[in-house]
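**Student:** For the sequence shown, the positions run 2 to 613 when my numbering is used.
We put the CB at the ideal spot given by N, CA and C, even for glycine.
Sharing a structure, written as structure tokens. Questions coming.
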Amino acid sequence: MKAVKWFLAIVLILIVGITVYLTMFFDLNNFKPQIVDAVKKQTGRDLQIKDDLSWSVFPSIGIKLGGISLSNPENFSPASMLDINEAVANVALMPLFSQQIEVDLLKLDGLTLNLVTQKDGKTSFDGLSGEGVSEPAGDTATESNSGDSKMSLQTLDIGGIELTNTNINLIDMATDTSQTFSLKSFTLGQFSLGKFADFAYEFAATLPDMQLASSGQGKIQVDQALKHITINDFTMSHNAQGDSLPKKSVTVDMTTQLQMALDAQTIELQLTKLSAMDIAATGKVDVNYGNSVPKIAMTLDVGDIDVDALLPQESATEESVTEDVTESTSTSSEPDLSAFKTVDLTVKLSAKSIKVSNMLTQNWQMNMAIKNGILTLSSLTADLYEGKLTLSAKLDGRKAVPTYQFDKTLTGVNIRPLLTDAAEVDLLSGQASFQVKGSGSSLIPEKLKKNLDAVGQFEVADGSLYGVNIPQMIRSAQQKLKGDLSSADKEELKTDFTSLTGSFTVKDAVVTNPDLAMASPLLRIKGEGTANIASEALDYNLTTSVVGSLSGQSDATDESLKGIDVPLTIKGTFQEPKFGIDTKALLEGQFKEEADKAKEKLKDGLFKKLGI
């Protein structure tokens, strides 16, 4: 027992003696010139250490640095690449021998990093890598990794970490742009393995077209085996300002819980709260980054989203410029979808309502996946205008020119408000059902229209065709043929119907409708036509059969045209359709009716004379 005590006493005396010698007679500042010369010789850079170096050995290994500067390559601006105002580190000595790390304080203040890229491609990092040391470094790394794999910590205690006034400046002389990232502060409170510690940060960034600011706080825990990290109650507030943003400013507040398993290489993120521009959301994100292609699964529940309000408002001048740019870039290259190959993503989205292009939909349910370069929308359902939308689609981005296919169904939709909201077209009303399947290639707008191949059908019940009163047109034409030029169109310009049906195909940007049929108590209309989705031109040739009175859509007094077929044409565009009647056919029908009446009258007279 006495031997042990003597041994410990000797060790203590040695430590104290070495400490006294190092602190009293060994001055690191004497080595500053050698350090500066070594850096100059190895890198060609100028290193400055303005403040005195101070250090300690016992009871803590500590060092304090300040006033450090490392220059950029010659003729670079700014001249300094790295500046450090103050750096302090203190680690307890004795616990290290028991694989215990006790850090009193880690402090870094005023770190500024200026990373410059010159017009000729040279950067601030040029010349920093030494030559002739790659092989030993590799051996050392191998040995170090081997040692690390066997290393484990009994304890890790940190009294605190303070990072303040850290700035990274990215300067590109070729594009004459700069970006600044500033970590104004990061603090970590008393930290021990297996226990939660408080942390907080404040961050800002200045980009060419945007200003960013972010702050947050939470609690972090690292388990004893250094394999699991947990962050609880992580609240963040982000703000972005720029002319391209909605109302030039966007603020996002969120609260998350995070679990990271370093051994399994997984991350679980629980989004307990998110609010941004009147949008509220909750959700969950699971990430497995152990494979060459990370696997991500997202579930999001969103409230009301007004996409139109999120987009910047364009003035008339901006709209004109946008149209010119769109026309000039109509032959631009395909969008790069190569990112589809770098992720395995599944998304389940539910939304209370989404408004886009002035069209309102509710109760969104969407299942989407991206895998092996293919985006698959397995199902999307939504309520819109008293009806239901069902959609499935696939986008293949594996080749330079993307291909796609889709299957879309609308049922029971109130078509008039849908058309007026989505396209500002007041042409049709009624309860509509619509089904279309299609496929194509290219996402360039003009090529997309031309390469689309589709088939479909539609049915509209109990509606009206606005902008034309077909019974009135026929009746007015009939009166004018009789010489009554005073006939005036006084009724509302709409044609009521009980059903409107047809099928269609899409090929080379032309919609072909071979079997349009419309029925009402007064008329039967059938025929065929085309609609060009590129030029928006209409070309329909129809036949109108009068089956009831044309005195008015609610009267029954004039049946003079009953049974007569009248050709009807529809020309013009989607926005301004033009309806026309073939008056020659109407006149021939009128003459035929008069001739039939004369024949009947002659026949009656003849029979009367014959006494029959």
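Between the segment 299-310 and the segment 269-280, are three or more C-beta pairs nearer than 8 Å?
**Tutor:** At 8 Å Cβ cutoff, the stretches touch.
**Student:** Rank K356, F200, T343 by C-alpha distance to the C-alpha of I221 and give the top, closest one.
**Tutor:** As a first step, residue 221 is located in the sequence shown; it is residue number 220 there, counting from the start. Nearest option by C-alpha distance: F200.
**Student:** What whole-angstrom Cβ distance do L189 and A198 have, given they're in contact under 8 Å?
**Tutor:** For the purposes of this step, residue 189 is taken as residue 188 along the sequence shown, with counting starting at 1. For the purposes of this step, residue 198 is taken as residue 197 along the sequence shown, with counting starting at 1. Right, the Cβ-Cβ distance comes to about 6 Å (below 8 Å), so this counts as a contact.
**Student:** Would the beta-carbon of L54 fall within 8 Å of that of L71?
**Tutor:** Your numbering for residue 54 matches position 53 in the sequence shown. Your numbering for residue 71 matches position 70 in the sequence shown. No.
**Student:** Grab me the residues of K249's own chain with a C-beta within less than 7 Å of its C-beta, minus the 5 sequence neighbours each way, in chain order.
**Tutor:** Position 248 of the sequence shown, counted from the first residue, corresponds to residue 249. The residues are Q242, G243.
**Student:** Any idea which residues DSSP pairs I280 with across the strands?
**Tutor:** Residue mapping note: residue 280 aligns to position 279 of the sequence shown, counting from 1. According to DSSP, I280 bridges with A277.
**Student:** Hey, out of K372, D497, N542, whose CA is closest to P515's CA?
**Tutor:** Position 514 of the sequence shown holds residue 515. Considering only alpha carbons, the answer is N542.
**Student:** Is it the case that the segment 462-477 contacts the segment 436-452, given that we only count it when at least three CB pairs across the two stretches are under 8 Å?
**Tutor:** Flag = no, the segment 436-452 and the segment 462-477 do not touch.
**Student:** Taking a contact to mean a Cβ-Cβ separation below 8 Å, would you say L66 touches A88 in this structure?
**Tutor:** Position 65 of the sequence shown, counting from 1, holds the residue named residue 66. Position 87 of the sequence shown, counting from 1, holds the residue named residue 88. Their beta carbons are under 8 Å apart, which means L66 touches A88 by this criterion.
**Student:** Give the list of continuous beta strand (DSSP E) stretches no shorter than 3 residues that lie fully inside the segment 236-269.
**Tutor:** 250-262
**Student:** Just the C-alpha distance for G217 and P247, rounded to the nearest angstrom, thanks.
**Tutor:** Reading the sequence shown from its first residue, position 216 is the one you call residue 217. Reading the sequence shown from its first residue, position 246 is the one you call residue 247. Spanning the alpha carbons of G217 and P247 requires a straight line of approximately 24 Å.
**Student:** Got a sec? Which residues, its chain only, sit under 6 Å from T252 by beta carbon, not counting five neighbours each side?
**Tutor:** Here the question's residue 252 lines up with position 251 in the sequence shown. Answer for T252: N240, listed in chain order.
**Student:** Is the separation between the beta-carbon of V402 and that of E335 shorter than 8 Å?
**Tutor:** Residue numbering aside, residue 402 sits at position 401 when the sequence shown is read from its first letter. Residue numbering aside, residue 335 sits at position 334 when the sequence shown is read from its first letter. Cβ distance < 8 Å, so V402 and E335 count as in contact.
**Student:** Restricting to Cα atoms, I'd like to know which of T347, A262, V547, D309 is closest to K296.
**Tutor:** By 1-based counting over the sequence shown, the position of residue 296 is 295. Ranking the options by Cα distance to K296, first place goes to T347.
**Student:** Please list, in chain order, all residues of the same chain as M237 whose beta carbon is under 6 Å from its beta carbon, the five residues on each side excluded.
**Tutor:** For this step, residue 237 is matched to residue 236 along the sequence shown. Cβ within range, chain order: G217, M255.
**Student:** How should S358 be labelled, buried or exposed, when 16 other C-beta atoms within 10 angstroms of its C-beta is the threshold for buried?
**Tutor:** Your numbering for residue 358 matches position 357 in the sequence shown. Exposed, since its Cβ has fewer than 16 Cβ neighbours within 10 Å.
**Student:** Which one of M299, S245, V223 has the shortest CA to CA distance from L263?
**Tutor:** For the purposes of this step, residue 263 is taken as the residue at position 262 of the sequence shown. Nearest option by C-alpha distance: V223.
**Student:** Among the residues of its own chain, which have a CB less than 6 Å from the CB of Q366, if the five just before and after it don't count?
**Tutor:** Walking along the sequence shown from the start, residue 366 turns up at place 365. Correct list, in chain order: S351, T382.
**Student:** Taking 6 Å as the limit between beta carbons, can you name the residues of its chain near K108, skipping five residues before and five after?
**Tutor:** Your numbering for residue 108 matches position 107 in the sequence shown. Around K108: V89, E163.
**Student:** Starting from the C-beta of A423, find all residues in its chain whose C-beta is less than 8 Å away, skip the five residues before and the five after it, and write them out in chain order.
**Tutor:** For this step, residue 423 is matched to residue 422 along the sequence shown. Within the same chain, A423 has close Cβ partners S358, N359, M360.
**Student:** By DSSP, does S339 sit in helix, in strand, or in coil?
**Tutor:** Numbered from 1 along the sequence shown, position 338 holds the residue referred to as residue 339. Reduced to three states, the DSSP call for S339 is helix.
**Student:** When we look at the beta-carbon of L312 and count the other beta-carbons within 10 Å, is it buried (16 or more) or exposed?
**Tutor:** Here the question's residue 312 lines up with position 311 in the sequence shown. When all chains shown are included, L312 counts as exposed.
**Student:** How should A503 be labelled, buried or exposed, when 16 other C-beta atoms within 10 angstroms of its C-beta is the threshold for buried?
**Tutor:** Along the sequence shown, one-based indexing puts residue 503 at 502. Checking the displayed sequence, the identity of residue 503 turns out to be Gly instead of Ala. Label assigned to G503: buried.
**Student:** Candidates D234, R46, Q212, I230: which alpha carbon is nearest F77's?
**Tutor:** Translated into positions along the sequence shown, residue 77 becomes position 76. The shortest Cα separation from F77 among D234, R46, Q212, I230 belongs to R46.
**Student:** Sort I268, D234, E269, A265 by Cα distance to T257 and report the nearest one.
**Tutor:** For the purposes of this step, residue 257 is identified with residue 256 of the sequence shown, where counting begins at 1. Cα-wise, what sits closest to T257 is D234.
**Student:** Where do the ends of the alpha helix (DSSP H) carrying D38 lie?
**Tutor:** Taking the first residue of the sequence shown as position 1, residue 38 is located at position 37. D38 -> alpha helix (DSSP H) spans 33-44.
**Student:** Residues in its own chain within less than 8 Å of S380 by CB, not counting five upstream and five downstream?
**Tutor:** Position 379 of the sequence shown, counted from the first residue, corresponds to residue 380. Within the same chain, S380 has close Cβ partners Q366, M367, N368, T391, L392, S393.
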